[in-house]
Amino acid sequence: MEYENLILDEKEGILTITLNRAKQLNALSHNALLDLSHVFDQVCGNKEIKVVILTGTGRAFCAGGDMTLLDALAETNIQECQANIRNYVKTARLIQTLFKPVIAAINGYALGAGLNLAMCCDLRIASEDAIFGEEFINMAMIPDLGGAFLMPQLIGIARAKELTFTGKRINAEEAERIGLINSIVPAEDLMEEAHKIARRIASLSQFALELSKKAFLWASSGDLNHTLDFEPELQCLALKSYDHKEAVQAFLQKRKPVFRGE
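Each residue of the sequence shown is one higher than the one before, counting from 20 in our numbering.
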């Protein structure tokens, strides 16, 4: 299926989703958000796809919400506005609850909703020229796509409040220093590095990866006691899986395991 605002490329179990609104710095329009939701919804049930990479064309990963979208929302009544936003946040929920690793390959600007979209992903790799900003306050708005929940988990509540309350921008070096991103690479090496990590992840047990992401999701939504209560259930599923038995045998036989994702 083709999408107006996205380019999809699937190879060797890795799906690369590229936001394709370069003239608008890949700002999220109504249709772009619906396209993203549809793709991630489809990926959920596709066993052939093991890892997802999300990136953007041109000079930006994503420069935030499209102004035409914001204007349209502001003109609707409160019920319509809330209904539309509930549809948009579905994208964040789908990425967070998708039990396949999602890597954000951040080229250039990641601002507002674009930054929060990147934070929804499991790993964030940025080009050395990337710029980040939680700029909602500049538009008299609050963080969307779960930003108020996600950012404190990554950089702590104090820094999250600083970026949110000031709306200031930071460069890739600062973003890496405070833990907002995992690593920085030269712009020309960004996609190669993202695919290198994706291939490594895709070679591992998909069943264990799914359980691990469930564990992190549970941990982030509860406290330590909830996490420790939930951990035995997931770990027992992992220990009884074919992939675990295969990993043990491969270790003993000094060979590379062949996982089946079960």
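Every residue, glycine too, gets a C-beta built ideally from N, C-alpha and C.
By how many angstroms is the C-alpha of residue j removed from the C-alpha of residue i?
i, j, result
"glutamate 195", "glycine 166", "18 Å"
"glutamate 29", "methionine 158", "37 Å"
"isoleucine 3", "serine 239", "Any property of residue 3 remains undetermined from this structure, which presents the chain solely from 20 to 281."
"glutamine 61", "isoleucine 114", "12 Å"
"glutamate 67", "asparagine 244", "35 Å"
"glycine 75", "glutamate 99", "30 Å"
"glutamine 177", "methionine 170", "A quick correction: the sequence has alanine, not glutamine, at residue 177. Going by the C-alpha atoms only, they are around 10 Å apart."
"alanine 102", "asparagine 96", "10 Å"
"glycine 198", "alanine 206", "20 Å"
"arginine 260", "proline 276", "According to the sequence displayed, residue 260 carries serine and not arginine. Computed Cα separation, rounded: 14 Å."
"glutamate 153", "aspartate 248", "35 Å"
"valine 108", "glutamine 268", "43 Å"
"methionine 138", "threonine 185", "19 Å"
"serine 222", "aspartate 262", "12 Å"
"glycine 175", "glutamate 181", "10 Å"
"cysteine 63", "cysteine 140", "14 Å"
"methionine 160", "cysteine 255", "44 Å"
"aspartate 148", "lysine 42", "18 Å"
"alanine 91", "arginine 105", "15 Å"
"tyrosine 22", "glycine 241", "37 Å"
"aspartate 208", "glutamate 94", "43 Å"
"alanine 179", "valine 58", "29 Å"
"aspartate 163", "phenylalanine 235", "21 Å"
"glutamate 193", "glutamate 229", "31 Å"
Measuring alpha carbon to alpha carbon, tell me which of the options ends up nearest residue i.
i, options, result
"leucine 44", "Gly131, Met160, Glu212 and Gly186", "Gly131"
"leucine 27", "Leu73, Lys66 and Glu154", "Leu73"
"alanine 123", "Asn96, Leu34, Ser224 and Ser231", "Leu34"
"lysine 273", "Arg279, Gly280 and Glu265", "Glu265"
"isoleucine 150", "Ala82, Ala102, Leu236 and Cys140", "Ala82"
"isoleucine 111", "Leu88, Met160 and Ser56", "According to the sequence shown, residue 111 is alanine rather than isoleucine. For alanine 111, the nearest C-alpha among the options comes from Ser56."
"asparagine 65", "His263, Lys109, Asp90 and Gly32", "Gly32"
"proline 120", "Pro251, Ala51, Leu182 and Ile216", "Ile216"
"proline 251", "Glu281, Gln172, Ser231 and Thr185", "Ser231"
"aspartate 54", "Lys42, Met20 and Leu182", "Met20"
"methionine 210", "Ile125, Phe168 and Trp237", "Ile125"
"histidine 214", "Ala51, Ile104, Lys69 and Cys63", "Lys69"
"tryptophan 237", "Thr116, Ala93, Ile161 and Cys63", "Thr116"
"phenylalanine 80", "Ala129, Val71 and Phe59", "Ala129"
"arginine 218", "Ala93, Ala179 and Val71", "Val71"
I believe residue i touches residue j by the beta-carbon criterion, under 8 Å. Please report the beta-carbon distance rounded to the nearest angstrom.
i, j, result
"aspartate 85", "leucine 136", "Going by Cβ atoms, the distance from aspartate 85 to leucine 136 rounds to 13 Å, so no, they are not a contact pair."
"arginine 78", "glycine 127", "5 Å"
"alanine 227", "alanine 191", "So it is not a contact: roughly 31 Å between Cβ atoms."
"glutamine 225", "phenylalanine 270", "No, glutamine 225 and phenylalanine 270 are not in contact; Cβ-Cβ is about 18 Å, not under 8 Å."
"leucine 89", "histidine 49", "The Cβ separation is near 10 Å, so there is no contact."
Skipping 5 residues on each side, what residues in its chain have a beta carbon closer than 6 Å to that of residue i?
i, result
"arginine 40", "Asn24"
"glycine 280", "Gln225 and Phe226"
"alanine 51", "Asn24"
"valine 189", "The residue you asked about is not valine; residue 189 is isoleucine in the sequence shown. Excluding positions up to five away in sequence, the list reads Phe151."
"leucine 173", "Gly198 and Leu199"
Under 7 Å Cβ to Cβ from residue i, same chain only, skipping five residues before and after it: list those, please.
i, result
"lysine 233", "Phe118 and Leu253"
"threonine 37", "Leu25, Ile26, Thr74, Gly75 and Thr76"
"glutamate 212", "Ile144 and Val204"
Here's a check: name, in chain order, each residue in its chain whose Cβ is nearer than 8 Å to the Cβ of residue i, leaving out the five neighbours to either side.
i, result
"isoleucine 156", "Thr183, Phe184, Thr185 and Gly186"
| request: For the region 201–215 and the region 128–145, state whether three or more C-beta atom pairs, one from each stretch, are separated by less than 8 Å. | output: yes
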